[in-house]
Amino acid sequence: MTAAPSGPAFSVHDIPFSTYGAWFGISPVLAEKTRAEDLHLVSHQNGMHAVLRLVPLDPATGERADTRVEATPGLLAWTGPTGRVDLAYETPDTVRLRGGGLALAIRAAARTLTPFSGTYFYREPGTDAYVLTSYETGRRYRITVLSGTVTEVPGAQALGGADRGVTVGAEAGGTWEVAVEEYETARRPYASTAGFDQVVTGARTAFAAFADRVAPWRSAATPAAELAAYVLWSATVRPASLVTRPAVLMSKHWMDKVWSWDHCFNALALAPGAPDLAWDQFSLPFDHQDETGALPDSVTHSEVLHNFVKPPIHGWTLGLLRRRLPAPLTHGQLTEAYDRLTRWTDFWLTARRTPGATLPHYQHGNDSGWDNATTFDPERVVVTADLAAFLTLQLRELAALADELGRPDDARRWTRTADETQAAMLGDLWKGDRFAARSADTGETWTSASLLDLMPIALGEHLPGTVGAVLADRIGTHLTPYGLATEQPDSPHYLPDGYWRGPIWAPATILVEDGLRRAGHHRLADEISTRFRALCETHGFAENFDALTGTGLRDRAYTWTAAAYLLLAEAHELRHTSPAAHTGG
1394 MTAAPSGPAF
1404 SVHDIPFSTY
1414 GAWFGISPVL
1424 AEKTRAEDLH
1434 LVSHQNGMHA
1444 VLRLVPLDPA
1454 TGERADTRVE
1464 ATPGLLAWTG
1474 PTGRVDLAYE
1484 TPDTVRLRGG
1494 GLALAIRAAA
1504 RTLTPFSGTY
1514 FYREPGTDAY
1524 VLTSYETGRR
1534 YRITVLSGTV
1544 TEVPGAQALG
1554 GADRGVTVGA
1564 EAGGTWEVAV
1574 EEYETARRPY
1584 ASTAGFDQVV
1594 TGARTAFAAF
1604 ADRVAPWRSA
1614 ATPAAELAAY
1624 VLWSATVRPA
1634 SLVTRPAVLM
1644 SKHWMDKVWS
1654 WDHCFNALAL
1664 APGAPDLAWD
1674 QFSLPFDHQD
1684 ETGALPDSVT
1694 HSEVLHNFVK
1704 PPIHGWTLGL
1714 LRRRLPAPLT
1724 HGQLTEAYDR
1734 LTRWTDFWLT
1744 ARRTPGATLP
1754 HYQHGNDSGW
1764 DNATTFDPER
1774 VVVTADLAAF
1784 LTLQLRELAA
1794 LADELGRPDD
1804 ARRWTRTADE
1814 TQAAMLGDLW
1824 KGDRFAARSA
1834 DTGETWTSAS
1844 LLDLMPIALG
1854 EHLPGTVGAV
1864 LADRIGTHLT
1874 PYGLATEQPD
1884 SPHYLPDGYW
1894 RGPIWAPATI
1904 LVEDGLRRAG
1914 HHRLADEIST
1924 RFRALCETHG
1934 FAENFDALTG
1944 TGLRDRAYTW
1954 TAAAYLLLAE
1964 AHELRHTSPA
1974 AHTGG
């Protein structure tokens, strides 16, 4: 029997150790800008909460052991001079730990218990199990000792401030093993017939199968593809609470939500190899569409936010998604998508157009996804060309869907509205060398050095050739050795870690690269793809990157960045091996 491959090694300081379907991971990252010395079990139910602290101990002294941590998709290990501790996921809610030559202290991360916060701890009567209950997650964490010796049980039934948990070890030359489960109120005593090595093999096999499905094209020319697949696989959670479908969170760090444009890029990357999961990613925000047709800003375990929206890139996404899926959508899926996309489009045409206006407006930079881009410096309630372009693409996709569903009147109406929207964008906002933004209130216009002003390149083949050529030239001025800066680097407003005021972002890269390619600017599109792929291969899958150094910024395990890499790497591989097999990107 061939052993399952171990998969790519990675640092848990950048990427949490987790598995497909789990709501918790193992990481030293406890919150934004908060890192601990020890690895923790960090849950994402009811928010991001460190629940358990995992501390390898020198059995001779009882003190913290000096260890190094190594991680691959199926196995996490602490290794020290006297021994090691291994951890693997048996199921999405259960991890197994095994140690030899080292003991392990499992402690509640929160030392203080109040009537409304912290962790309560007790021994489960009649069993070899110990339970911690977390106010923050609303879940229980059971530690079952499978072999070895429990040497300490501090804090059982304690109130107020106390250390709480279990220390487990073994005789010299022996091994110990425990299981840790996350669950709700009660479950049967833990039992497993699988040995620890079988658990590791099962985890490795599961990831290898996923990687083979989503990146079967990978080669030495795309060296980060397998790690990108792991970032997506490990950030996927099972349906729970307000998450109605299997969902790829943006991260299992603090960006543990599904935002209503981020999900589009994950859906596209997954489509050829995991079509059901891809469709779930596209559909999830639509499950929370409100009565006006608006999508929420974000969805996560116990929170759906409606205070902002995100840009209407869903028509563009659906068109590309349908081309990437291995089988056509069913009539029922098409009808549902058409109805949902209609309501989302009508929101922009009604709630976001002032009386008599042809073009819609954003109410804040957050609505655009480019939260603090310099386009929004003069005012926040603005008409922008990127919004008009995305809405035009969405209207054209609705027209195509209406034709396919046998609704010719609808198709003509959508096409007419698309033509009117694009004409107004070009007539009202095009200044000859770039697009301007316009106040939705006063009608005053302005331009900026933001890449956002150039995003109508996403219209691709629908743009007049002269406009596309000018946009391509200006996009070239944003290109650094690492990719597309969101603010021109020579702008006085450029900030190296300025969020949308300089750093390189995956979604802008994908939208620009695709639009350039469809507009015939293949050389520039190739260069953008090459530089972004090299960036990820060197600096990982951060939320965004310093445009002048390439350094990863903010959340370091961001799924839309991994998805963007997979999209561009796949397209590069297919163009290289079979130009006729191009599928997007």
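Taking the working numbering, the leading residue of the sequence shown gets 1394, the next gets one more, and so forth. Here a beta-carbon is modelled for each residue, glycine too, at the ideal position from N, C-alpha and C. Given the structure is predicted, the values throughout are model-derived calculations rather than measurements.
In this structure L1788 touches G1708 by the C-beta definition: roughly 7 Å separates them, less than 8 Å.
Taking the CA atoms as reference points, D1846 sits about 13 Å from G1762. Your pair A1862 and M1818 does not check out as a contact, with CB atoms roughly 17 Å apart and the cut at 8 Å. Contact between the stretch 1410 to 1427 and the stretch 1473 to 1486 is present, with at least three C-beta pairs closer than 8 Å. Judged by their CB atoms, R1867 and R1827 are nearer to each other than the 8 Å cut-off.
The beta carbon of S1527 sits closer than 6 Å to those of V1444 and T1512, all from its chain and outside the five residues before and after it, given in chain order. Annotation: the continuous alpha helix (DSSP H) that includes W1626 extends over A1618 to S1627. For A1955 and H1965, the gap between their C-alpha atoms comes out near 15 Å. Proximity to L1711 across P1753, A1667, A1660 and Y1523 peaks at A1660, based on C-alpha coordinates.
When beta bridges are read from the DSSP output, N1937 appears opposite L1946. Here E1936 is buried. Its C-beta has 16 or more other C-beta atoms within 10 Å.
Here P1771 is exposed: its Cβ has fewer than 16 other Cβ atoms, across all protein chains shown, within 10 Å.
Judged by their CB atoms, T1814 and A1792 are not nearer to each other than the 8 Å cut-off.
One thing to note: L1852 has its Cβ no nearer than 8 Å to the Cβ of L1794. Only residues of its own chain outside the window of five on either side were considered, and among them P1401 and F1403 have a CB closer than 7 Å to the CB of L1620, listed in chain order. Contact between E1575 and R1532 holds, since their C-beta atoms are separated by about 5 Å, short of 8 Å. Ranking A1927, H1694, H1886 and T1944 by CA distance to the CA of A1613 puts A1927 first. Remark: C-beta atoms of F1600 and P1466 approach each other more closely than 8 Å. Taking a contact as a CB-CB distance under 8 Å, the pair A1572 and R1489 counts as one, their CB atoms being some 5 Å apart.
Around the beta-carbon of G1943, 16 or more other beta-carbon atoms lie within 10 Å, marking it buried.
When secondary structure is reduced to three states using DSSP, P1449 falls in the strand class.
Counting the other Cβ atoms within 10 Å of the Cβ of Q1438 gives 16 or more, which makes it buried. If you draw a straight line from the Cα of V1422 to the Cα of L1798, it is about 49 Å long. When rounded, the separation of the alpha-carbon atoms in R1800 and R1806 is 10 Å. For G1891, there is no enclosing alpha helix (DSSP H), as DSSP gives it neither H nor E.
The beta carbons of S1644 and Y1958 sit no closer together than 8 Å. Annotation: the continuous beta strand (DSSP E) that includes V1488 extends over T1487 to G1493.
Around the C-beta of G1749, fewer than 16 other C-beta atoms lie within 10 Å, and the residue is accordingly described as exposed. When DSSP states are grouped into helix, strand and coil, W1709 belongs to the helix group.
Between D1521 and V1538, the C-beta gap is smaller than 8 Å, which places the two residues in contact. Listed in chain order, the non-local C-beta contacts of A1687 below 8 Å within the same chain comprise H1699, V1702, W1737, F1740 and A1744, local neighbours out to five positions each way being set aside. About 5 Å separates the beta carbons of L1525 and F1514, which is inside the 8 Å limit, making them a contact pair. Straight across, the Cα-Cα distance linking Y1523 with Y1534 is about 8 Å. Exclusion of the five residues before and after G1758 leaves D1764, N1765, A1766, F1769 and R1773 as the residues of its chain whose Cβ lies within less than 7 Å of its Cβ.
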